[in-house]
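Just so you know, the protein sequences line up as chains C and U, in that order.
Here my numbering is used: the first residue of the first sequence is 1, the next is one more, and so on.
Here my numbering is used: the first residue of the second sequence is 1001, the next is one more, and so on.
From the three backbone atoms N, C-alpha and C, an ideal C-beta is built for every residue, glycine too.
Predicted model, so just to flag it, every value in this text is computed and none were measured.
There are 2 protein chains.
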Amino acid sequence: MHEAREADVAVVGAGLAGLAAARAVVAAGHSVVVCEARDRVGGRTLDHDLGGGQVVEAGGQWIGGGQERIYELAAELGVETFPGRSEGAKVFVFDGKRRTYDGELPPSRRVAADLVQAMLRLRRLEKRVPAEAPWEARDAERLDAQTLGAWVDRTTKTRAGRALLTLFTGIQHGADPANVSLLYALSFFSSGGGFARYAEADQHRLVGGSQALSRRLADRLGDAVVLGSPVRRIDQSGAEVVVESELVTVRARRAIVAAPPILSGSIEYRPELPSLRRQLLRAVGYGVVIKAQAVYDEPFWRAEGLSGTALGPGLAAPFAFDNSPPGGSPGVLLTFLHPRRGAALADLRPAERREAVLECFATYVGPKARQPAGYLELDWSAERWSAGCVQYLTPGALTRYGPALREPCGRVHWGSENGTVWVASMEGAIRAGERAAGEVLAALAGAAPAKERVTVTTS
Amino acid sequence: MHEAREADVAVVGAGLAGLAAARAVVAAGHSVVVCEARDRVGGRTLDHDLGGGQVVEAGGQWIGGGQERIYELAAELGVETFPGRSEGAKVFVFDGKRRTYDGELPPSRRVAADLVQAMLRLRRLEKRVPAEAPWEARDAERLDAQTLGAWVDRTTKTRAGRALLTLFTGIQHGADPANVSLLYALSFFSSGGGFARYAEADQHRLVGGSQALSRRLADRLGDAVVLGSPVRRIDQSGAEVVVESELVTVRARRAIVAAPPILSGSIEYRPELPSLRRQLLRAVGYGVVIKAQAVYDEPFWRAEGLSGTALGPGLAAPFAFDNSPPGGSPGVLLTFLHPRRGAALADLRPAERREAVLECFATYVGPKARQPAGYLELDWSAERWSAGCVQYLTPGALTRYGPALREPCGRVHWGSENGTVWVASMEGAIRAGERAAGEVLAALAGAAPAKERVTVTTS
Chain C
1 MHEAREADVA VVGAGLAGLA AARAVVAAGH SVVVCEARDR VGGRTLDHDL
51 GGGQVVEAGG QWIGGGQERI YELAAELGVE TFPGRSEGAK VFVFDGKRRT
101 YDGELPPSRR VAADLVQAML RLRRLEKRVP AEAPWEARDA ERLDAQTLGA
151 WVDRTTKTRA GRALLTLFTG IQHGADPANV SLLYALSFFS SGGGFARYAE
201 ADQHRLVGGS QALSRRLADR LGDAVVLGSP VRRIDQSGAE VVVESELVTV
251 RARRAIVAAP PILSGSIEYR PELPSLRRQL LRAVGYGVVI KAQAVYDEPF
301 WRAEGLSGTA LGPGLAAPFA FDNSPPGGSP GVLLTFLHPR RGAALADLRP
351 AERREAVLEC FATYVGPKAR QPAGYLELDW SAERWSAGCV QYLTPGALTR
401 YGPALREPCG RVHWGSENGT VWVASMEGAI RAGERAAGEV LAALAGAAPA
451 KERVTVTTS
Chain U
1001 MHEAREADVA VVGAGLAGLA AARAVVAAGH SVVVCEARDR VGGRTLDHDL
1051 GGGQVVEAGG QWIGGGQERI YELAAELGVE TFPGRSEGAK VFVFDGKRRT
1101 YDGELPPSRR VAADLVQAML RLRRLEKRVP AEAPWEARDA ERLDAQTLGA
1151 WVDRTTKTRA GRALLTLFTG IQHGADPANV SLLYALSFFS SGGGFARYAE
1201 ADQHRLVGGS QALSRRLADR LGDAVVLGSP VRRIDQSGAE VVVESELVTV
1251 RARRAIVAAP PILSGSIEYR PELPSLRRQL LRAVGYGVVI KAQAVYDEPF
1301 WRAEGLSGTA LGPGLAAPFA FDNSPPGGSP GVLLTFLHPR RGAALADLRP
1351 AERREAVLEC FATYVGPKAR QPAGYLELDW SAERWSAGCV QYLTPGALTR
1401 YGPALREPCG RVHWGSENGT VWVASMEGAI RAGERAAGEV LAALAGAAPA
1451 KERVTVTTS
C-alpha cells in the first residue's frame, strides 16, 4: 500500500548523514520524512551480534583525532566510548620475516626513514590543497592528473616503505591508491587535518557498536523514518519536491539526498540533473573492501604481550587489529581484504578466503588464531544499498566537476560524502548531513545559506 | 502489448557491434532476436539529414589505417567510401598567433621535435603492452597507476607540444587524458597498431553516412530487430537465458550484450554478475563530447587554399575538420567540444556555445564562418542510450579487472568495447560483436570457443 505524505523536508537515506540532517531539521521546528532503502538504519555502520550482549562492528567503527561532532553526538545520545587500540607489541611481517616492535614506525631504520620522508612530502603537498576548494590549489590540474599510487611509487625508496604507504593510504579510501586521484587524496587528508592525523583516528570505539548512534537518532525521529523504501524518482518540475519511494511519496519543500554518490546517481531526477553533476557522479570510484573478523573465546594474544596490531603488506590479510568488545571477551581480530591483481581474494570461495585470513592471523599472533569460535565477513561492494565502502574521486574529476560536489540542484541538496571536514568518516557523515540541513534551513528561512563552519585546525 | 519470443541467441543493442553479432549468428544458421532501446539502429553512429539527399555524420564517421573488417562490410553492403580529408593548407593557432602549414607537423621546428620525441617514447611504451592482455605487460601495475595526462605532461617539453599531444590523445578517448589510465591508453593505441596509426584512421568516410551500415544490416535481419525496447533484466538462473525487455521477452540459449559497458551495468542480472565484472563496470569512464558542426552553402575555405583542418589547442573549439559530404555541397566544418576546467563549455547555453564555436571557426578559416546556413550539435554524454561517446578505463582498473573484459558470465557474452583490435572505433565494434558471436557459435556447436584472430600487424 503506497502512502502519500507531506513534510517540510524529505531526506533520502537513513545512514548517519541522513539521520544527522533529519535531526537538525526537526530541531529547527520543521517536519521531515526519511526514506531508507534498507530494512535497517545506519548505512555503512552495522553491528554484528556476538551473543552475550556483545557486538562487533562490521562497518565504520573508529573515532579520534579531534573529531568533535561525533564525540558530541555520542555524548548527547548516551553512547559511551572506549579505547580503540589495545596495549602491547606490534608485529611486522615482510618478505617472510616476522618481527615485533613497539613504536609507531616499523622496526627498520631504513624503512622508517623512508616513511617519515614520504610523509613529510605528503604534508607539504597537503598544505597546498584547501579541503573546501581543492580545485583552486596551485598546480591542481597536474595533481589531479596523477594517482595517489603513482605518487607513492615515486616517492618511496624502499620496497617495504612503498608497501606500507600503499597500505596506509589505501585503507583510507578502501581502494588501491592506483585508483585514486592524487589531488582528491590530498584534499581528503587535508579535510582531516593531514594524513598524519589519521594515525590518531582510531583512538576510540563506541560501546554497543557504532550503529547505536543511528538507531538512537532514528528512535527519536519515530515514524518519520520509513524503512524498506528505496527512492526511485525525485521530481522538482513543479512547485514542490516530490520524492517517490517504494512505500511512500513525500511532497516536500526541499530534499536532502544523503545516499552514497553512486547510488544517488541511479535515482531518476526530473528535470535531469545538470551535466556537471552527472559527470561528477560518473567519476566516483568506490572502495572494494571485505571486512573480515575472527572471533575467539578470548584475546589470547594479549597474554603473550601482543596488541593484536600487525602489518603484513603483501599478505592476503595485509594487517590485523584487535577488535574485541570492551572488557575483552570474546577476542576479535579484524582485517580488510582488498582486491589487487585480478581481485583474486574477493573471488575466492568463502571457505578458502577464511582459511587464507586465518593463516595470516596465525602468522601475526600465533597458531591459536587458526581455530576461531566464529568468523564474520562483510563484502561492502556487494551491498546493494551501499555500493562499496568509502567512495572517492578518480583522476581528472575534481578539477573538472569538483564545484558540483556541494552545489544544490534546485531544491535538492547533497548531504553525503561531500564534506570538507574528515571526509568519508563517521564524523564526515554527520558534518555533511548537518551542512546540507543548514543549507535547507537557510533556504526555508528565506536567507542565503551560511558558509560551512570549518573547525579543524591544521598544525 | 508484451510479446514472448524464442531464439537461439538474444542480442542486446542494435549498434554496429550488436548487428554484426546478429549477422554472424544468422549466417551460421541460427535464429536471433535483437533488442534495441532506441527507436533507431546504429548506436553511436547517427546521420543528420542535410536535405537535398545529403547527410552528415553526428557520430562515428572515419575509417582508415588498415581497418579491414569495416571496408569488407561496407563493400558487402554496397556502401561506398570517399576521402576523409580535403586538400589544402592547415591552420595552427596558438597563443593568439595564426599560421598556415602543409606537412603533418605543426609549423614550429621546436614543437615538431617535441612531438616526434614524445611519440617515439609512446611507441616504445606501446610495444610493451599486448592489446590482448595488457595486464601482462612488464610493469603493468605501475603503468596502470598513471594517467595518460600525467605522462603527456611529463614527456613533452614545449607548451604547444603538450597542448597538441593532450588534444590528439584526448580525442581518441573523448576525454581529457587526465581521466584515462596510461596502461589502458597504451593498450588502446596498441590495438590499432600504434598511436601513430591513428593519424591514418581518417582516410575515408562512408557515402550516405556511417549509420547506413547499421540500417542495411538491420534491413536484412527484418523483424528480428525490436526497436524501442530497453532490456531490463537478463535471467540465466534457469536452463535458458531470458532477456526481458520493454516490448519483448526472449528465451534464448545464449545472450550477447552489445551495449556500452556503462549501460550493460544497469541491467539487472540473475544471478548477480561476478564481483570482478561488477567492479570492472564501475571503473569505466565515458567520453564527454559534444560534436558540433556548422553547415555553409559551400566549403568556402577550399577556394582560399585551405583544407579546413585546423588546430587551436586552448580554444573553445580546439580543432576543425572539413566534414562536407562527397561532392562538397554543402560545406561543413566540425569540431568536438570537451569539458575542461569545470566543463564550462558544455554548460554554456546553446546560443552562447554556437557563438563560441563559430568564432573559433572564423579564426581558423575566415570571417565567413560566422554566418552558417545551419548549425548542428549532439551531446553524446546526454544520450541516455549511449552514455557518452567512447568509453575507457580509469587508472588501476585494467590490472585488477581487465581479465573480466571478455570473460563470458555463464551464457551471457560481452560484445562491446572489449575488442583487442581498433578498440572504440567502428572497426572495433564490428570485431567485438563478431568475436562474441564466435564464442556463442562455438558454444552452440558444443566446442570450446576459438581464440580471437588478431590480424593487425605492428610495425
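Comparing the C-beta of residue i with each C-beta of chain U, is any distance below 8 Å?
{"i": "A418 of chain C", "result": "Rather than Ala, the amino acid found at residue 418 of chain C in this sequence is Asn. False, the Cβ-Cβ gap to chain U never drops below 8 Å."}
{"i": "Y392 of chain C", "result": "no"}
{"i": "P395 of chain C", "result": "yes"}
{"i": "G472 of chain C", "result": "As shown, chain C starts at 1 and ends at 459. That puts residue 472 of chain C outside it, with no answer to give."}
{"i": "D114 of chain C", "result": "no"}
{"i": "D144 of chain C", "result": "yes"}
If we define contact as Cβ-Cβ less than 8 Å, is residue i a contact residue for chain C?
{"i": "N1323 of chain U", "result": "no"}
{"i": "P1313 of chain U", "result": "no"}
{"i": "G1342 of chain U", "result": "The predicted position of G1342 of chain U is uncertain, since its pLDDT is 40 and thus under 50; a value taken from the coordinates is nonetheless stated next. Yes - at least one Cβ of chain C is within 8 Å of the one on G1342 of chain U."}
{"i": "T1147 of chain U", "result": "yes"}
{"i": "R1349 of chain U", "result": "no"}
{"i": "A1178 of chain U", "result": "yes"}
{"i": "A1382 of chain U", "result": "yes"}
{"i": "S1275 of chain U", "result": "yes"}
{"i": "Q1172 of chain U", "result": "no"}
{"i": "E1141 of chain U", "result": "yes"}
Could you tell me whether the Cβ atoms of residue i and residue j are closer together than 8 Å?
{"i": "E1057 of chain U", "j": "D1047 of chain U", "result": "yes"}
{"i": "A1089 of chain U", "j": "G1305 of chain U", "result": "yes"}
{"i": "E240 of chain C", "j": "A224 of chain C", "result": "no"}
{"i": "R44 of chain C", "j": "G84 of chain C", "result": "no"}
{"i": "V91 of chain C", "j": "T100 of chain C", "result": "yes"}
{"i": "V1152 of chain U", "j": "R1162 of chain U", "result": "yes"}
{"i": "W1135 of chain U", "j": "T1309 of chain U", "result": "no"}
{"i": "A1378 of chain U", "j": "V1295 of chain U", "result": "For the record, residue 1378 of chain U in the displayed sequence is Leu; it is not Ala. No, Cβ-Cβ distance for L1378 of chain U and V1295 of chain U is not below 8 Å."}
{"i": "C1409 of chain U", "j": "L1273 of chain U", "result": "yes"}
{"i": "S1187 of chain U", "j": "A1131 of chain U", "result": "yes"}
{"i": "A404 of chain C", "j": "A21 of chain C", "result": "no"}
{"i": "R1233 of chain U", "j": "R1270 of chain U", "result": "yes"}
{"i": "G42 of chain C", "j": "S214 of chain C", "result": "yes"}
{"i": "G7 of chain C", "j": "S416 of chain C", "result": "Note on identity: in this sequence residue 7 of chain C is Ala, with Gly being the wrong assignment. It is not a contact, given that the beta carbons lie outside the stated cut-off."}
Would you tell me roughly how many angstroms separate the C-alpha atoms of residue i and residue j, rounded to the nearest one?
{"i": "R109 of chain C", "j": "D102 of chain C", "result": "13 Å"}
{"i": "P230 of chain C", "j": "E1104 of chain U", "result": "56 Å"}
{"i": "P1325 of chain U", "j": "A387 of chain C", "result": "47 Å"}
{"i": "P1106 of chain U", "j": "G1174 of chain U", "result": "22 Å"}
{"i": "V1250 of chain U", "j": "G1066 of chain U", "result": "37 Å"}
{"i": "V1034 of chain U", "j": "A24 of chain C", "result": "52 Å"}
{"i": "A255 of chain C", "j": "A74 of chain C", "result": "26 Å"}
{"i": "V1009 of chain U", "j": "A1259 of chain U", "result": "15 Å"}
{"i": "A991 of chain U", "j": "A1320 of chain U", "result": "Lying before the first or after the last residue shown, residue 991 of chain U is absent from chain U, which here runs from 1001 to 1459."}
{"i": "R411 of chain C", "j": "S1425 of chain U", "result": "41 Å"}
{"i": "L311 of chain C", "j": "I267 of chain C", "result": "40 Å"}
{"i": "Y184 of chain C", "j": "V1423 of chain U", "result": "30 Å"}
{"i": "L337 of chain C", "j": "A316 of chain C", "result": "7 Å"}
{"i": "Q371 of chain C", "j": "S381 of chain C", "result": "28 Å"}
{"i": "P1177 of chain U", "j": "R1098 of chain U", "result": "25 Å"}
Between residue i and residue j, which are expected to be in contact by the criterion C-beta below 8 Å, what is the C-beta distance as a whole number of angstroms?
{"i": "V257 of chain C", "j": "V226 of chain C", "result": "Going by Cβ atoms, the distance from V257 of chain C to V226 of chain C rounds to 15 Å, so no, they are not a contact pair."}
{"i": "G1064 of chain U", "j": "A1201 of chain U", "result": "5 Å"}
{"i": "R1069 of chain U", "j": "E1383 of chain U", "result": "Contact doesn't hold; Cβ gap of about 25 Å is too wide."}
{"i": "L165 of chain C", "j": "P318 of chain C", "result": "With a Cβ gap of about 12 Å, L165 of chain C and P318 of chain C do not count as contacting."}
{"i": "S959 of chain U", "j": "V1011 of chain U", "result": "Nothing can be reported for residue 959 of chain U: it is not among the residues displayed for chain U, which extend from 1001 to 1459."}
{"i": "L1333 of chain U", "j": "Q1293 of chain U", "result": "7 Å"}
{"i": "N1179 of chain U", "j": "T1155 of chain U", "result": "About 18 Å separates the two Cβ atoms, so there is no contact after all."}
{"i": "V79 of chain C", "j": "L221 of chain C", "result": "Contact doesn't hold; Cβ gap of about 16 Å is too wide."}
Does the Cβ of residue i lie closer than 7 Å to at least one heavy atom of the ligand MG?
{"i": "A131 of chain C", "result": "Absence of the ligand MG is noted for the structure shown, with no ligands found whatsoever."}
Is there contact between the stretch 431–450 of chain C and the stretch 194–209 of chain C, where contact requires at least three CB pairs shorter than 8 Å?
no
Pairs of beta-carbons, one from the stretch 278–297 of chain C and one from the stretch 389–396 of chain C, closer than 8 Å: are there three or more?
Yes, since at least three Cβ pairs between the stretch 278–297 of chain C and the stretch 389–396 of chain C fall closer than 8 Å, the two stretches touch.
Taking any Cβ of chain A, which residues in the stretch 1149–1165 of chain U have a Cβ under 7 Å from it, in chain order?
Of the protein chains in the structure, C and U, none is chain A.
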